[in-house]
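Following: one structure in structure tokens, then a few remarks.
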Amino acid sequence: AAKAAGKNRFLRFHPDMMTALVERTDLEAGLQMAIGRSEISVDFQPIVSPRMGRVVKFEALARWDRENQRVPPSVFIPLAERSGLINDVGTEVMAQSLKHMASWLCEDPSRSLSMNVSGVQLQELDFAEGVLKLAETCGVGVYQLVFEVTESVFFDADCNVIKQLSRLREAGARVALDDFGTGYSSLGRLQDLPVDIVKIDKTFVSMVRTGDERLPILSSMINMAHSLGLTVTAEGVETHEQANYLMGLECDSLQGYLFSQPEPADRLEHALKNAGQALYALARRSG
Ligand code: C2E
Ligand code: MG
Ligand code: MG
Ligand code: MG
3 AAKAAGKNRF LRFHPDMMTA LVERTDLEAG LQMAIGRSEI SVDFQPIVSP
53 RMGRVVKFEA LARWDRENQR VPPSVFIPLA ERSGLINDVG TEVMAQSLKH
103 MASWLCEDPS RSLSMNVSGV QLQELDFAEG VLKLAETCGV GVYQLVFEVT
153 ESVFFDADCN VIKQLSRLRE AGARVALDDF GTGYSSLGRL QDLPVDIVKI
203 DKTFVSMVRT GDERLPILSS MINMAHSLGL TVTAEGVETH EQANYLMGLE
253 CDSLQGYLFS QPEPADRLEH ALKNAGQALY ALARRSG
């Protein structure tokens with residue numbers, strides 16, 4: 003009887019499953035039309051250099067406002083990847099990002115723009131060429147661009163992924179390894195990856211506050227990255243304590259709500275002001 007009940011549990015098509023299926027199909031159809039309906043936009047979050055005392059970079063983060071309801075990227079990006087729509091979404095996000103950030107970037111060649119790229123996009127044969135053309139059209143230097151990828155893009159060992167990233171790096175762009183520490187690869191593997199920047203995942207940054215016993219990993223990650231000649235950014239910095247701790251470990255740049263939330267392009271000044279104030283407070287505290 004127990005076995006029958008167990009079997010039943012898996013066989014019965016629960017109404018929730020139907021709802022989930024309909025919702026997903028619905029969401030996918032919605033995403034297909036989202037670009038044409040101008041529902042996709044981009045928010046920008048500052049990345050600061052405590053040493054230089056200023057905002058050195060912005061990360062572009064995709065937003066989808068579906069009939070006045072915001073769908074989080076953690077939902078629509080995986081959906082876009084599964085359905086192949088990620089190429090269109092990615093192109094749209096990149097075009098908007100470059101357009102909005104062009105003047106800020108042109109004012110100072112040491113400023114840069116960081117954009118998230120999915121492994122699916124990197125499987126396109128003309129991905130890098132498309133990016134280079136777009137940068138030229140917008141008058142933005144390729145050396146001012148950073149492409150954020152997760153470790154998983156390297157797993158499939160697709161030659162084209164490496165080829166596209168190499169093409170961009172040859173043109174002067176940098177590649178950042180996003181969410182570092184959450185994947186499966188070891189610290190040692192870092193050496194073999196074609197990356198310039200490591201972005202330490204916020205789960206490690208949050209360990210500072212909770213006094214987690216795995217905290218020593220944080221300094222190991224930063225030291226290892228530095229010894230390989232990589233630059234380190236910490237994400238999810240929410241408190242002064244975390245920022246001070248990371249500065250003590252000589253983390254190169256910081257990103258998180260302490261400095262600013264991701265903001266739409268028409269609020270860049272606001273984001274810059276908030277980040278500047280937080281940097282000022284940090285400098286005063288550390289004397
Ligand atoms: P990510 O690239 O690691 O981006 C950082 C995420 O952390 C963003 O979430 C950001 O809003 C959030 N965040 C920033 N500061 C803090 C903080 O102090 N505390 C906390 N708790 N969170 C903070 P968001 O915008 O929801 O994006 C989630 C993920 O979706 C991104 O993670 C990225 O993997 C993906 N994504 C977003 N936009 C794009 C895109 O245009 N293309 C691709 N392929 N992926 C994207
Ligand atoms: Mg990112
Ligand atoms: Mg990240
Ligand atoms: Mg993340």
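One point on numbering: in our numbering, the residue at position 181 of the sequence shown is 183, and numbering is uninterrupted.
Ideal Cβ placement from N, Cα and C applies to all residues, glycine included.
Cβ-heavy atom distance, residue 240 to ligand 1, below 6 angstroms: To locate residue 240, count along the sequence shown from 1; it is residue 238. Placement of the Cβ of residue 240 at a distance of less than 6 angstroms from at least one heavy atom of ligand 1 is found.
Residues bridged to residue 48 (per DSSP): Here residue 48 refers to the residue found at position 46 when the sequence shown is read from its first residue. Per DSSP, the beta bridge partners of residue 48 are 60.
Cα-Cα separation, residue 207 to residue 68: As a working note, residue 207 is residue 205 in the sequence shown. As a working note, residue 68 is residue 66 in the sequence shown. Roughly 32 angstroms separates the two Cα atoms.
Alpha-carbon spacing of residue 112 relative to residue 177, whole angstroms: For the purposes of this step, residue 112 is taken as residue 110 along the sequence shown, with counting starting at 1. For the purposes of this step, residue 177 is taken as residue 175 along the sequence shown, with counting starting at 1. The alpha-carbon atoms of residue 112 and residue 177 are separated by roughly 16 angstroms.
Spatial neighbours of residue 163 in its chain, beta-carbon cut-off 6 angstroms, leaving aside the 5 residues before and after: As a first step, residue 163 is located in the sequence shown; it is residue number 161 there, counting from the start. Annotation for residue 163: 124 and 155 place their beta carbon closer than 6 angstroms to its own, counting only its chain and skipping 5 residues before and after.
Length-filtered (3 minimum) beta strand (DSSP E) runs lying within the stretch 106–151: Those beta strand (DSSP E) runs which fall completely within the stretch 106–151 and span 3+ residues are 114–118 and 147–151.
Where the alpha helix (DSSP H) containing residue 18 begins and where it ends: Looking up residue 18 in the sequence shown gives position 16. Per DSSP, residue 18 is one residue of the alpha helix (DSSP H) stretching across 17–36.
Residue 94 to residue 215 span [Cα, whole Å]: Position 92 of the sequence shown holds residue 94. Position 213 of the sequence shown holds residue 215. CA-to-CA, the gap between residue 94 and residue 215 works out to about 42 angstroms.
Inter-stretch contact (C-beta, 8 angstroms, three-pair minimum) for the stretch 190–207 and the stretch 229–249: Cβ pair count under 8 angstroms is three or more, so yes.
Exposed unless 16 or more other CB atoms sit within 10 angstroms - verdict on residue 172: Counted from its first residue, the sequence shown places residue 172 at position 170. Exposed, since its Cβ has fewer than 16 Cβ neighbours within 10 Å.
beta-carbon residue 198 near ligand 3 non-hydrogen atom, thresh 6 angstroms: Stepping through the sequence shown from its first residue, residue 198 is reached at position 196. No, the Cβ of residue 198 stays beyond 6 angstroms of every heavy atom of ligand 3.
C-alpha gap between residue 9 and residue 20, whole angstroms: Counting from 1 along the sequence shown, the entry for residue 9 is found at position 7. Counting from 1 along the sequence shown, the entry for residue 20 is found at position 18. A caution first: residue 9 carries a pLDDT of 49, below 50, which makes its placement in the model unreliable, though a value can still be read off. Each residue's alpha carbon lies about 19 angstroms from the other.
Candidates 148, 244 and 260, of which the one nearest residue 180 by Cα: In the sequence shown, counting from the first residue as 1, residue 180 sits at position 178. Across the set 148, 244 and 260, the C-alpha of 148 shows the shortest separation from the C-alpha of residue 180.
Residue 1 versus residue 166 - alpha carbon distance: Residue 1 is absent from the model: the chain starts at 3 and stops at 289.
Bridge-paired residues (DSSP) for residue 199: As a working mapping, residue 199 is identified with position 197 in the sequence shown. Its beta-bridge partners are 178 and 233.
Any non-hydrogen atom of ligand 2 within 6 angstroms of residue 271 CB: Walking along the sequence shown from the start, residue 271 turns up at place 269. No, since every heavy atom of ligand 2 falls outside the 6 angstroms radius drawn around the Cβ of residue 271.
Rounded separation between residue 226 and residue 119 - CA only: One-based indexing of the sequence shown puts residue 226 at position 224. One-based indexing of the sequence shown puts residue 119 at position 117. Rounded to whole angstroms, residue 226 and residue 119 show a C-alpha spacing of 24 angstroms.
Heavy atom of ligand 5 within 6 angstroms of residue 48 beta-carbon: This structure lacks ligand 5; its bound ligands are ligand 1, ligand 2, ligand 3 and ligand 4.
Residues bridged to residue 42 [DSSP beta-bridge criterion]: What you label residue 42 is simply residue 40 of the sequence shown in a count that begins at 1. In the DSSP output, where bridge partners are listed per residue, residue 42 has 66.
Neighbourhood of residue 160 by C-beta distance below 7 angstroms, restricted to the same chain and skipping five residues each side: Along the sequence shown, read from residue 1 onward, the residue named residue 160 stands at position 158. Exclusion of the five residues before and after residue 160 leaves 125 as the residues of its chain whose Cβ lies within less than 7 angstroms of its Cβ.
Residue 53 - DSSP class collapsed to helix/strand/coil: On the sequence shown, position 51 is the one that residue 53 refers to. The three-state reading of DSSP puts residue 53 in coil, since its state is none of H, G, I, E or B.
Residue 17 Cβ short of 6 angstroms to ligand 1 heavy atom set: Locating residue 17 in the sequence shown gives position 15, counting from the first residue. No, the Cβ of residue 17 stays beyond 6 angstroms of every heavy atom of ligand 1.
Beta-carbon contacts of residue 75 that lie in its chain and below 8 angstroms, excluding the five residues immediately before and after: To locate residue 75, count along the sequence shown from 1; it is residue 73. Excluding sequence neighbours, residue 75 sits near 63, 64, 65 and 66.
Check whether residue 46 and residue 60 have beta carbons under 7 angstroms apart: The residue labelled residue 46 in the question sits at position 44 within the sequence shown. The residue labelled residue 60 in the question sits at position 58 within the sequence shown. For residue 46 and residue 60, yes; Cβs fall inside 7 angstroms.
Same chain, Cβ closer than 8 angstroms to residue 117, five either side skipped, listed in chain order: The sequence position of residue 117 within the sequence shown is 115, counting from 1. Cβ-Cβ distances below 8 angstroms link residue 117 to 61, 62, 95, 96, 99, 147, 148, 149 and 150 in the same chain, with the five nearest sequence neighbours on each side left out; the list follows chain order.
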